[in-house]
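So the sequences go chain by chain: G and L. Counting with our numbering, you get residues 1485 to 1787 for the letters of the first sequence. Counting with our numbering, you get residues 2 to 118 for the letters of the second sequence. From the three backbone atoms N, C-alpha and C, an ideal C-beta is built for every residue, glycine too. Since this is a predicted model, take the numbers as computed values, not measurements. Step one of this worksheet: look at the structure below.
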Amino acid sequence: MKKIVSVSLGSSKRDHSVNTCLLGIDFEISRRGTDGNFDRALELLRELDGNVDAIGLGGIDLYLYAGKTRYAVSDGLKLMEAVKKTPVVDGSGLKNTLERETVYYLSKNTQLLPPGCKVLMVSAADRFGMAGALTELGCDMTFGDLIFSAGIPYPIKSVEELEEIARKTLPEMTRLPFHMLYPTGEKQDTQDEKKVEKYGHYYHGAEVIAGDYHLVRRYMPGNLKGQVVITNTTTRDDVKFLKEKGVGWLVTTTPELEGRSFGTNVMEAALVVLLGKNWEDITPGDYLELMRRLDMKPRVQRL
Amino acid sequence: MATHGEITESLRAFEQAYADDSRLKVMNRDWDRKVLILADDLESAHTMILKDGELSFSEGKTADPDLTVISNSDILADMFFGDITPTEPYMNGSLRIIGPEDDILRLDFISLLIWGE
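Written out as structure tokens, the structure reads:
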């Protein structure tokens, strides 16, 4: 039995554990949230180091991207460096490949992403692969990085402008405490009502809403009109929440295991164990090949 | 130690760089704020005003600031001239910003959009 633990700065209310079998190998996968407590996350990582087969880091990114340039998030690196023996991943290695493939899959196999459709990506600096693929397909993009992360009501309309702004801001922003940039702990269970009211129209004006689930959730207004949500991690409660808000379709980029989709960090940790290679040596091609063998497809759900 | 005059000059450079970037005016048209800038190693106070997307500053204090920026005169001058970013002094405590976290982050973004590489 291979053991994978995802340590998250997110809410412990989302903790869970499942057993599953991937390519004939049994896995026990669990998630442990630390409610935004950074020191508790460090402590837990040290406890797990050497005692599990792989660790996923959730609720935080190790890297943010401006095009092909990546910037290490200081708080993420601190967590990663606490682990000395066990492979530790944040999902960023898999995210680019998996999320690009999800976009291509939806375009080829569904009517959910017609050319020219209006897409709001709540944040793209954490998923340039998805941003690039949606742009390639000719979607009318709105990148909400400044709107939702900085409270600046400026919709970024092209990957080029996104890259230019990211190059100016990310080298410094990644040095700030992560909670200033991303909802951690109990903020993941609540909505920012002021921003929902102020920026909800960006959701209403979009046909597709894409990006990190916690950001999507935190600023989502009610009375949506059947929009498509493309995101990563959802629980049964999240699905209920989205349905109540008026979302019509939910696409999760990672497959469902026992009623919920896991974060990319968990899936990447599992794939690293299956590949048996050092994380640094794994290529996008390795992930693609393994995803094909596992028949990993996005989950498309009518709500 | 920088002088009050040097801080004034640095704010003038900041004001000019802001005025040269029409995108910043669009970004901040909803953000009316008064920012008090105080040096903690000499008698020096300035007030930066953001209103309807325009940025201006004046020498002296304002009674009801939304944000207060406090640091030594060298850091203030270097920061508004764009020679250093606010992040490092903010993180090591030599730059204090008093106000709501959202406003602090937004001020940081504006500074990076003006002076970022």
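So if DSSP puts residue 71(L) in a beta bridge, which residue, or which two residues, is it bridged to?
Locating residue 71(L) in the second sequence gives position 70, counting from the first residue. Per the DSSP secondary-structure output, residue 71(L) pairs in a beta bridge with 39(L), 97(L).
Under 8 angstroms by beta carbon: chain L residues contacting residue 1652(G)
Taking the first sequence and counting its residues from 1, one reaches residue 1652(G) at position 168. Neighbours of residue 1652(G) on chain L, chain order: 113, 114, 117, 118.
In whole angstroms, what separates the C-alpha of residue 1663(G) from that of residue 1566(G)?
The residue labelled residue 1663(G) in the question sits at position 179 within the first sequence. The residue labelled residue 1566(G) in the question sits at position 82 within the first sequence. CA-to-CA, the gap between residue 1663(G) and residue 1566(G) works out to about 19 angstroms.
Taking residue 15(L) as part of the alpha helix (DSSP H), name the residues at either end of that continuous run.
In the second sequence, counting from the first residue as 1, residue 15(L) sits at position 14. Following the DSSP letters along the chain, one finds residue 15(L) inside the alpha helix (DSSP H) bounded by residues 5–20.
Assign residue 1740(G) to one of three DSSP states: helix, strand, or coil.
Residue 1740(G) sits at position 256 when you count from the first residue of the first sequence. Secondary structure of residue 1740(G) (DSSP, three-state): strand.
Residues sharing a beta bridge with residue 1785(G), DSSP:
In the first sequence, counting from the first residue as 1, residue 1785(G) sits at position 301. Beta bridge pairing from DSSP links residue 1785(G) with 1734(G).
Taking only three categories from DSSP, how would you classify residue 1746(G)?
By 1-based counting over the first sequence, the position of residue 1746(G) is 262. Residue 1746(G): coil per DSSP, three-state reduction.
Looking at chain G, is there any beta carbon in it that lies within less than 8 angstroms of the beta carbon of residue 102(L)?
Position 101 of the second sequence holds residue 102(L). For residue 102(L), the closest Cβ of chain G is nearer than 8 angstroms.
Please work out which residues of its chain come closer than 7 angstroms, Cβ to Cβ, to residue 1610(G), disregarding the five sequence neighbours upstream and downstream, and give them in chain order.
Position 126 of the first sequence holds residue 1610(G). Excluding residues within five positions, the ones whose Cβ falls inside 7 angstroms are 1545, 1548, 1696.
Along the stretch 30–53 of chain L, where does the CB come closer than 7 angstroms to a CB of chain G? Name the residues.
Those would be 31, in chain order.
Roughly how many whole angstroms lie between the Cα atoms of residue 1719(G) and residue 105(L)?
Locating residue 1719(G) in the first sequence gives position 235, where the first residue counts as 1. Locating residue 105(L) in the second sequence gives position 104, where the first residue counts as 1. C-alpha separation (whole angstroms): 33 angstroms.
At which residues does the beta strand (DSSP E) containing residue 1503(G) begin and terminate?
Locating residue 1503(G) in the first sequence gives position 19, where the first residue counts as 1. 1500–1506 is the extent of the beta strand (DSSP E) around residue 1503(G).
Along the chain, where does the beta strand (DSSP E) that runs through residue 1714(G) open and close?
Translated into the one-based positions of the first sequence, residue 1714(G) becomes position 230. Its beta strand (DSSP E) spans residues 1712–1715.
Helix, strand or coil at residue 1760(G) [DSSP, three-state]
Against the first sequence, residue 1760(G) aligns to sequence position 276. Of the three classes helix, strand and coil, the one that applies to residue 1760(G) here is coil, per DSSP.
For residue 1672(G), is the classification buried or exposed, using 16 other Cβ atoms within 10 angstroms of its Cβ as the cut-off for buried?
Locating residue 1672(G) in the first sequence gives position 188, counting from the first residue. So residue 1672(G) ends up on the buried side.
Suppose you measure from the CA of residue 1678(G) to the CA of residue 1703(G); what does that come to, to the nearest Å?
Looking up residue 1678(G) in the first sequence gives position 194. Looking up residue 1703(G) in the first sequence gives position 219. Computed Cα separation, rounded: 9 angstroms.
Excluding the five sequence neighbours on either side, which residues of its own chain have a C-beta within less than 7 angstroms of the C-beta of residue 1657(G), listed in chain order?
Numbered from 1 along the first sequence, position 173 holds the residue referred to as residue 1657(G). Here the set comprises 1665.
Straight-line gap, residue 16(L) to residue 51(L) (C-alpha atoms, nearest Å)
On the second sequence, position 15 is the one that residue 16(L) refers to. On the second sequence, position 50 is the one that residue 51(L) refers to. Cα to Cα, residue 16(L) sits roughly 10 angstroms from residue 51(L).
Any 3 or more C-beta pairs closer than 8 angstroms across the stretch 1617–1627 of chain G and the stretch 1635–1655 of chain G
Touching, per the Cβ criterion.
For the stretch 1719–1732 of chain G against the stretch 1517–1531 of chain G, are there 3 or more C-beta pairs whose distance is under 8 angstroms?
Short answer: they don't touch.
Would you mind sorting residue 1584(G) into buried or exposed? The rule is 16 or more other CB atoms within 10 Å of its CB.
On the first sequence, residue 1584(G) is found 100 positions in, with the first residue counted as 1. By the neighbour-count rule (16 or more Cβ atoms within 10 Å), residue 1584(G) is buried.
What is the DSSP secondary structure of residue 1775(G), counted as helix, strand or coil?
For the purposes of this step, residue 1775(G) is taken as residue 291 along the first sequence, with counting starting at 1. Note: residue 1775(G) maps to helix in three-state DSSP.
So that I know if they touch, is there some Cβ in chain G lying closer than 8 angstroms to that of residue 106(L)?
Sequence index remark: in the second sequence, residue 106(L) carries index 105 (1-based). Yes, its Cβ sits closer than 8 angstroms to a Cβ of chain G.
Secondary structure of residue 1576(G), DSSP reduced to three states:
As a working mapping, residue 1576(G) is identified with position 92 in the first sequence. In the structure shown, residue 1576(G) sits in a helix (DSSP, three-state: H, G or I).
Going by DSSP in three states, residue 88(L) sits in which element: helix, strand or coil?
Translated into positions along the second sequence, residue 88(L) becomes position 87. In the structure shown, residue 88(L) falls within a helical segment according to DSSP collapsed to helix, strand and coil.
Member of 1685(G), 1651(G), 1690(G), 1700(G) whose CA lies at the smallest distance from the CA of residue 1675(G):
As a working note, residue 1675(G) is residue 191 in the first sequence. Ranking the options by Cα distance to residue 1675(G), first place goes to 1700(G).
In whole angstroms, give me the CA-to-CA distance for residue 1597(G) and residue 1774(G).
The residue given as residue 1597(G) occupies position 113 in the first sequence. The residue given as residue 1774(G) occupies position 290 in the first sequence. When only Cα atoms are considered, residue 1597(G) and residue 1774(G) end up about 26 angstroms apart.
Using CA atoms only, rank isn't needed, just tell me which of 1532(G), 1635(G), 1494(G), 1530(G) is closest to residue 30(L).
Position 29 of the second sequence, counted from the start, is the residue given in the question as residue 30(L). Closest option to residue 30(L), Cα to Cα, is 1635(G).
From this set, 1736(G), 1714(G), 1571(G), 1661(G), which residue's C-alpha is nearest residue 1489(G)'s C-alpha?
As a working mapping, residue 1489(G) is identified with position 5 in the first sequence. Comparing Cα positions, the closest option is 1571(G).
Tell me which residues share the same chain as residue 81(L) and place their Cβ nearer than 6 angstroms to its Cβ, disregarding the 5 neighbours each side in the sequence.
Position 80 of the second sequence, counted from the start, is the residue given in the question as residue 81(L). Apart from the 5 residues on each side of it in sequence, residue 81(L) sits with its Cβ closer than 6 angstroms to the Cβ of 11, 12, 15 in its chain, given in chain order.
Are the stretch 1748–1757 of chain G and the stretch 1496–1514 of chain G in contact at 8 angstroms, needing three or more beta carbon pairs?
Yes, since at least three Cβ pairs between the stretch 1748–1757 of chain G and the stretch 1496–1514 of chain G fall closer than 8 angstroms, the two stretches touch.
Answer with buried or exposed for residue 1711(G), where buried requires no fewer than 16 other C-beta atoms within 10 angstroms of its C-beta.
As a working note, residue 1711(G) is residue 227 in the first sequence. Flag for residue 1711(G) reads buried.
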